[in-house]
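Have a look at the structure below, then the notes.
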Amino acid sequence: MRFTIQEKIALIILAILLCIGSAVLYSKEARPYCRIIIEENGIREEFTLKEIEARLKERRKIDINTAACKEITAIDGIGEVLAGRIVRYRDTHGAFYSEKDLLKVEGIGQKKFEKIREYVRF
Amino acid sequence: MKRPLLVPIAGFLIGIIAAESSGSLGLMEGIWITILGAAAFLIFLFIRKNKTFYFFLCLLFFLLGVFRYSSSFTLEENGISNFVTEAQKEALLFGTVAKEPERKGISYLSRLVFPLEVERVLMGDREEPTGGLIQVNLYKPQEEPRIGDRLIIGGKLSLAEGSNNPAGFDYRKYLRRKGINAVLSSSGKDYYLKVGEKKGGALRIRRFLSVLRNNSDQAIKKYLSPGASAFTRSVILGLRSDISDEVNDTFVKTGTMHILAVSGLHIGLVALIIMGVLRFVRCPRSFGHFLVIIGIFAFSIFTGSRPSSMRAAIMGAFLLISMLLGRKSDIVSALSLSAFLIMFFYPAQIFDGGFVLSYMAVLSIIYIVPLTDTFFGLKPPVFGERKTLRAKKYLAKSISLSLAVWIGMMPVIASYFRIVTPSVVLSNLLAVPVLFIVVILGFCLIVTGSVGFLAPLAGFIADILDLVIPFFIKAMQLVTKIPFSHIRVSAPSVGLVVFFYVVLIISFLYFHKNNKKSVLLISALFVFNLFVWNEAAHRPPDSTRITFFDTGKADASLMEFPDGSVMLIDGASGGMVKGMDAGYCILAPYLWQKGIRRIDCVLLTHAHEDHIGGLAYILKNFDVGTFIDGGEVEEDGFEKRLYKEIQRCVKKRNIRYVRVKRGDVIKGFPHMDLFVLNPDNKSGFKDLNNRSVVLKAVTKGGNSLLFCADAEAEAIKEMLKFGSFLQADILKAPHHGAGLGDMYVIEEFLSQGKYPFCVVTNYDALHLNKELVKIFDREKADMYVTGEKGAIIAQEEDDGFKIFSYKKTKS
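Chain order of the listed sequences is A and B. According to this note's numbering, the residues represented by the first sequence are 1 to 122, in order. According to this note's numbering, the residues represented by the second sequence are 1001 to 1811, in order.
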């Protein structure tokens, strides 16, 4: 094949461009991977399991002033009847402000009270 | 004027393209393309006589094209598209089965797929007449419908899945181009009643051909080994369901997909075979041509009336008709007439991948082969030559043909498959003759296998096929191992593709004038430059970008950093069924589209199918630096098999393996550190979910994300020990927002963390645990469900993360 001078120039420029482009691509492919290092014990524990359990226990407490009848029956020791009485007391006498108010409900004596107090929040 | 028809047809084509562009790309792009098209044509007309007449004819057809395209999309009054939304709704439909059902999918996804021409629809309490085409997916059918059956069928009706992820396949658009506007998901438990059959001679022919197809299928399955049978069924009957993923991938990588699927090549071969047989029995030419036309249409219907084969049949029919009528058979006119026919009835088809590939292939053969022939200095064979010289010429011509088709199709294949396959030049040399052999022998097998006393002959033919086909597939697999046999690329933009073809056309015209080979070399170099620089121009994002892919109820998150490094956390589901592998369908296309071929680190949170499924494909098709996991796997089940396959891959490809536990910090990325909050070997949780790797990712800019994998309440309770460290800007909700166990623990977790944004990888809000949604509401956290919003993308900015969803939700 015989090329004119213009054609030779065009061919050379294109060939050089192709080489540069391929080199750029190759450098991307040959880039080394990030060197992953594992450091141990890098996180500090803020709470102990005991503290967490305590928090969770507090969360599990039932708010005696806003809970529905069904939720109150979830407490071990309070059945449907007693729960119903608690709600009725609440409706007629208003909110329970302290533990002593609970004792006023018919069916909750000192013994029952001791049993349920840790599950109840005011 | 040599080909007067071309002018109006080209105008029509440009009209359709302009209409589509102004709809999807924007009015500006539409105007540009129109101007370009008009300019091109003005130049073309400059060298012809009768300019004015042709100019106005062209303009007229251009407007017709725009009008035809727009009208095809106007929702017909009460068309079925008016009744569908993105959400699935219960519906009862009455209509006619438009095509013979095909079986797709395996195991629990096995279903019959068929289009239904609907006439009436019952939704809620509205019953109305309607029209249009829907696709029905019938799972566990009690009865198998046949083409022409009139049915009442119930199920869940909705729009097809659009594209939910960047670079994801838009199934909804794909179906709409075929005229299908909705999808019905029906199972054996839903209402199904056949109320009659459509009458008609055409129907009887189609039914007959489908019975023939089933019998042929039985014969093939009976005589051939599984591998050979899968290939033969696909090539001769158009039934591709048995082809394994690996085989399919092999054909994609060697550029020989047109061998596997019934395409123009098959139609051409069948036509040649019929013509050969007819010549042998000395059939008169005209009558013979007529028989061939019938033959190729019958074959097209026989293999399932696929658009690609119907197109080829129409093209061939036009050619043969012009030969029948005595006119000089001009391939280009036949081509354009067939294209016009299709464009007129289905304007949206011209954007279908198959359509573009078919026509580009034929155009390449017509126009580029002369270029490559001249480049190699090939002269036609001379009578009386030595056999070896003839053979060499034949080989050279084949290479020239293969090369021409590769060059002509390269931008289109790159667009649709994100791959460039130089090896096709080599693989076609073997593939086409093998196809010829398989088609001939395959039909012989069907005939001899169905006739009792010819059974021994059938056995003999089956033995040959059992030898040839596995050898061929092995050879193709060997070709894929050649370096640079296939190169993954990002799909070139429309502008680039058009520019490529403009350069090709200019060099073709210039070559015709001056007949100089140097032109070819210059344009070839120019075009290669285009591709190389298009790939080299990919840049990593300006700031850290995290993409949470929408993969249903499965996890896959990708982190792209400004220095070009990349990390993948989990690979969603897949591997069991072709077309459902998230690695193949969602992750790989995205990575290739961004020019990413190396992944610095792949992390597996736990070996459950919805996290590990897509990783096998990723590990095999990408270069991975490090593989990290917690080291645990369930003892039984196929998930252990998947895990072992990954371990084998890690060993074979020399990927560095690292195991992490609670307290570890993954360092090495310039822009991010990852803290491992779970698992702890001492915990002893039974459920693998509670042994998932939970990560807190902290960028050097101080922004953070918490990837909770599938951790449930037990594991989360232990993580509460880290107190305020659990805070992050983005939370990836644990266990896809589904059942978690002790909700008090979760409440504590969320109130401690105070996450402003929360990403949930699930189908939609209805699938989430209701209590969890209530808690999120209470804590005022913003929830993004990938199933509803599509992929969620978080881009780090100066003041924190900016969150985008890929799908803009419409009500």
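Glycine is no exception: its CB is placed at the ideal position from the N, C-alpha and C atoms. Nothing here was measured: the structure is a model prediction, and the numbers come from that model.
Anticipated Cβ contact below 8 angstroms, residue i with residue j, distance rounded
| i | j | result |
| --- | --- | --- |
| G1168 of chain B | P1589 of chain B | 7 angstroms |
| E1144 of chain B | P1115 of chain B | About 15 angstroms separates the two Cβ atoms, so there is no contact after all. |
| K1553 of chain B | T1303 of chain B | Incorrect: roughly 36 angstroms between the Cβ atoms, too far for contact. |
| N1681 of chain B | E1714 of chain B | So it is not a contact: roughly 15 angstroms between Cβ atoms. |
| N65 of chain A | F113 of chain A | N65 of chain A to F113 of chain A, Cβ: 16 angstroms. No contact. |
| I1273 of chain B | I1440 of chain B | 6 angstroms |
| R31 of chain A | G1741 of chain B | Actually they are not in contact, since the Cβ atoms of R31 of chain A and G1741 of chain B sit about 44 angstroms apart, beyond 8 angstroms. |
Sequence-distant residues of its chain with Cβ nearer than 6 angstroms to residue i (five each side left out)
| i | result |
| --- | --- |
| S1338 of chain B | I1314, M1315 and F1318 |
| P1679 of chain B | G1630 and R1691 |
| Q1634 of chain B | Reading off the sequence shown, one finds Glu at residue 1634 of chain B, where the question assumed Gln. Hits under 6 angstroms: L1688. |
| L1603 of chain B | I1569 and I1628 |
| S1234 of chain B | R1240, I1243 and L1260 |
| A1098 of chain B | P1115 and E1117 |
Neighbour list for residue i in chain A, Cβ cutoff strictly below 9 angstroms
| i | result |
| --- | --- |
| R1598 of chain B | K28, E29, R31 and Y33 |
| R1717 of chain B | Position check: residue 1717 of chain B holds Lys in this sequence, whereas Arg was assumed. Within 9 angstroms Cβ-Cβ: L49, I52, E53 and L56. |
| T1421 of chain B | Those do not exist, as T1421 of chain B stays about 17 angstroms from chain A at its closest Cβ, beyond 9 angstroms. |
| E1128 of chain B | Within chain A, no residue comes near E1128 of chain B; the closest Cβ sits about 45 angstroms away, beyond 9 angstroms. |
| L1601 of chain B | This sequence places Cys at residue 1601 of chain B; Leu is not what is there. Correct list: Y33, C34 and I36. |
Interface residues of chain A facing residue i [CB-CB closer than 8 angstroms]
| i | result |
| --- | --- |
| N1529 of chain B | L14, L17, L18 and G21 |
| Y1744 of chain B | L56, R59 and R60 |
| G1668 of chain B | C34, R35, I36 and I37 |
Reduced DSSP secondary structure (H/G/I, E/B, other) of residue i
| i | result |
| --- | --- |
| S1704 of chain B | strand |
| T1699 of chain B | strand |
| R1003 of chain B | coil |
| F1561 of chain B | coil |
| E1797 of chain B | strand |
| M1126 of chain B | Residue identity differs from the one stated: residue 1126 of chain B is Arg in this sequence, not Met. Strand, per DSSP. |
| F1453 of chain B | helix |
| D1600 of chain B | strand |
| K1194 of chain B | strand |
| L1768 of chain B | coil |
| I1243 of chain B | coil |
| V1113 of chain B | strand |
| K1156 of chain B | strand |
| V1580 of chain B | One point to set straight first is that residue 1580 of chain B is Met, not Val, in the sequence displayed. M1580 of chain B falls in the coil class under three-state DSSP. |
| Y1359 of chain B | helix |
| R1176 of chain B | helix |
| L1025 of chain B | With a pLDDT of 46 at L1025 of chain B, under the threshold of 50, the predicted position of this residue should be treated as unreliable, though the coordinate-derived value follows. Correct three-state label for L1025 of chain B: coil. |
| V1084 of chain B | coil |
| V1479 of chain B | helix |
| T1421 of chain B | coil |
| C1649 of chain B | helix |
| D1463 of chain B | helix |
| C1758 of chain B | strand |
Sequence-distant residues of the same chain with beta carbon closer than 8 angstroms to residue i, five excluded per side
| i | result |
| --- | --- |
| I1599 of chain B | V1566, M1567, L1568, L1591, I1618, F1622, D1623, V1624 and G1625 |
| L1013 of chain B | G1065, A1339, M1343 and I1350 |
| S1081 of chain B | L1075, G1132, N1181 and A1182 |
Neighbouring residues, chain A, relative to residue i (Cβ below 7 angstroms)
| i | result |
| --- | --- |
| V1658 of chain B | I36 and I38 |
| G1564 of chain B | R31 |
| E1535 of chain B | L25 |
Residues of its chain near residue i, where Cβ-Cβ distance is below 7 angstroms and the 5 sequence neighbours each way are ignored
| i | result |
| --- | --- |
| R85 of chain A | V105, E106 and G107 |
| K70 of chain A | none |
| N1164 of chain B | D1550, G1790, A1791, Y1806 and K1807 |
Within chain B, partners of residue i - CB distance below 9 angstroms
| i | result |
| --- | --- |
| I43 of chain A | R1662, G1663, D1664, V1665, F1675, V1676, L1677, K1696, F1722 and F1725 |
beta-carbon residue i near the ligand SAM non-hydrogen atom, thresh 7 angstroms
| i | result |
| --- | --- |
| Y89 of chain A | Absence of the ligand SAM from the depicted structure is noted, as is the absence of any ligand whatsoever, leaving it without description. |
Neighbouring residues, chain B, relative to residue i (Cβ below 7 angstroms)
| i | result |
| --- | --- |
| E7 of chain A | S1518 and I1522 |
Any contact of the stretch 1269-1286 of chain B with the stretch 1454-1468 of chain B, i.e. 3+ C-beta pairs under 8 angstroms?
no
Would you call the stretch 1707-1726 of chain B and the stretch 1768-1781 of chain B touching, i.e. three or more CB-CB distances under 8 angstroms?
Output reads no: the stretch 1768-1781 of chain B does not touch the stretch 1707-1726 of chain B.
Evaluate the contact criterion for the stretch 1657-1664 of chain B versus the stretch 1697-1716 of chain B: three or more CB pairs, one atom per stretch, below 8 angstroms.
The stretch 1657-1664 of chain B is not in contact with the stretch 1697-1716 of chain B.
Is the number of C-beta pairs between the stretch 1193-1202 of chain B and the stretch 1133-1151 of chain B that are closer than 8 angstroms three or more?
Touching, yes.
Quick check: the stretch 1524-1534 of chain B against the stretch 1640-1659 of chain B, are there 3 or more CB pairs under 8 angstroms?
no
Counting beta carbon pairs with one atom in the stretch 1609-1616 of chain B and one in the stretch 1174-1191 of chain B, are three or more of them shorter than 8 angstroms?
no
Between the stretch 1085-1102 of chain B and the stretch 1120-1140 of chain B, can you find at least three pairs of beta-carbon atoms closer than 8 angstroms?
yes
Can at least three beta-carbon pairs, one atom from the stretch 1428-1442 of chain B and one from the stretch 1491-1505 of chain B, be found at a separation below 8 angstroms?
no
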